[in-house]
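Numbering (our numbering), first residue to last: 1099 to 1287. The structure appears right after this line, and notes come after that.
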Amino acid sequence: AEKTMPLPSAPAPNAPAAPGMPPSGVYQEFREVKADSCPTRSAGQPFPSDMTPLLMTHREGKTFTNLHSNDPRAPGIMTGGPMNDYELTPGTVMKHAITHLCQPYRIERTMTLVSVTGDTLRTREVTRHIGGTAGCAHANLPSNCTTDVETTWKLARKSCDAACDATMIGREPQTIDAAPRLNVKCTCP
C-alpha cells in the first residue's frame, strides 16, 4: 500500500524490452493522439499521464487484464470506457459499441494490442463517433468523426509476479494525487 512515484517520461519506442509477461501493479499511462477529426482536434497535443492499477489474471495459458479506452474530449481531458477481460496477446483486437445514448448515434471503439513485454503494454485505439446528435440529450458529443490514440502503459510499481492472479483487497484506490496506493492479493501457481 505504498505510494507509487510517477515516471519522468514515456519509454522510447525502441527501448530494450523486458522479457516475459507483465506483472500486476501500478502502471503509468502515456497517451499520444495520432489523429483526431473531431472538434477537439487534439492530434499531437499533450495529455497528462495517469497512474492506473492493472491486475492480471490467467486462463488456459493466457493473461488478461482490464484496460480503459482513451477518447480525447477537450484539451488535456480524456474520456473513454472499460475494455474488460482484455487478452494480452499481441494483435488482440477488442471492439466495443455504445448505442444507448440516442438513436441513430453510436460510438464504436476498436483497441488493438500492438505489443506486450515484461513491463510495458502498447495499444492503438480508433474511436468512431457515428451519426448526428441533433435532438439528443447528449447533443454536445462529437459526431461523424474519428480519433486514433496510441497508449503506452509502463510499469511503475509491481504488486504481484507475472504468473500470479491478482485481486483487489478492499475498494479500488481513489486516486487523489498522481501516486496511488494499491493493495492486492496475489494467488500464485
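Ideal Cβ positions, reconstructed from N, Cα and C, are used throughout, including at glycine. Bear in mind the structure is a predicted one, so any value in this text is a computation, not a measurement.
Going by C-alpha distance, which of K1252, T1218 and I1205 is nearest T1231?
The shortest C-alpha separation from T1231 is found at I1205.
DSSP three-state call for C1234: helix, strand or coil?
In this structure, C1234 counts as coil in the three-state DSSP scheme.
By a C-beta neighbour count over all protein chains shown, 10 Å radius and 16 as the cutoff for buried, is G1233 buried or exposed?
Its Cβ having fewer than 16 others within 10 Å, G1233 is exposed.
Grab me the residues of E1130's own chain with a C-beta within less than 6 Å of its C-beta, minus the 5 sequence neighbours each way, in chain order.
Counting only Cβ-Cβ distances below 6 Å, and skipping sequence neighbours, we find E1248.
Per DSSP, G1216 forms a beta bridge with which residues?
G1216 pairs with nothing; no bridge assigned.
Report the CB separation of S1135 from T1244 in whole angstroms; it is logged as a contact under 8 Å.
Yes, they are in contact, since the Cβ atoms of S1135 and T1244 sit about 5 Å apart, within 8 Å.
Spatial neighbours of L1253 within its chain, please: C-beta separation below 6 Å, excluding the five flanking residues on both sides.
The residues are G1123, Y1125 and D1217.
Suppose the cutoff is 6 Å on Cβ atoms and the five residues either side in sequence are ignored; what does the same chain contact list for R1222 look like?
Excluding residues within five positions, the ones whose Cβ falls inside 6 Å are T1210, V1212 and E1248.
Between the alpha carbons of T1155 and M1149, how many angstroms are there, rounded?
In a straight line, the C-alpha of T1155 is about 20 Å away from that of M1149.
For G1118, which residues of its own chain have a beta-carbon under 7 Å away from its beta-carbon, when the five flanking residues on both sides are left out?
Cβ neighbours of G1118 beyond the five flanking positions: G1216 and A1260.
Can M1176 and L1165 be called in contact, C-beta distance under 8 Å?
No.
Can you find the residues in the same chain that come closer than 7 Å, C-beta to C-beta, to P1109, ignoring five residues on each side of it along the sequence?
Answer for P1109: T1218, T1250 and K1252, listed in chain order.
Grouping DSSP H, G and I as helix and E and B as strand, with all else coil, what is A1277?
In this prediction, A1277 scores a pLDDT of 49, lower than 50, which makes its location untrustworthy; the coordinate-derived value is nonetheless stated afterwards. Coil at A1277, not helix or strand.
In terms of residues, what are the limits of the beta strand (DSSP E) holding I1175?
Residues I1175 to T1177.
Does C1286 pass the burial test, meaning 16 or more other C-beta atoms within 10 Å, or should it be called exposed?
Classification of C1286: exposed, given that the 10 Å Cβ count is below 16.
Is L1186 near T1163, with beta carbons less than 8 Å apart?
Yes. Within cutoff.
Thinking C-alpha only, which one of P1240, T1225 and R1171 is nearest M1192?
Checked all of P1240, T1225 and R1171; the closest Cα to M1192 is T1225.
G1174 and P1146 look like a contact to me (Cβ under 8 Å); what is the Cβ gap, rounded to whole Å?
Indeed, because the Cβ distance is near 6 Å, the residues count as touching under 8 Å.
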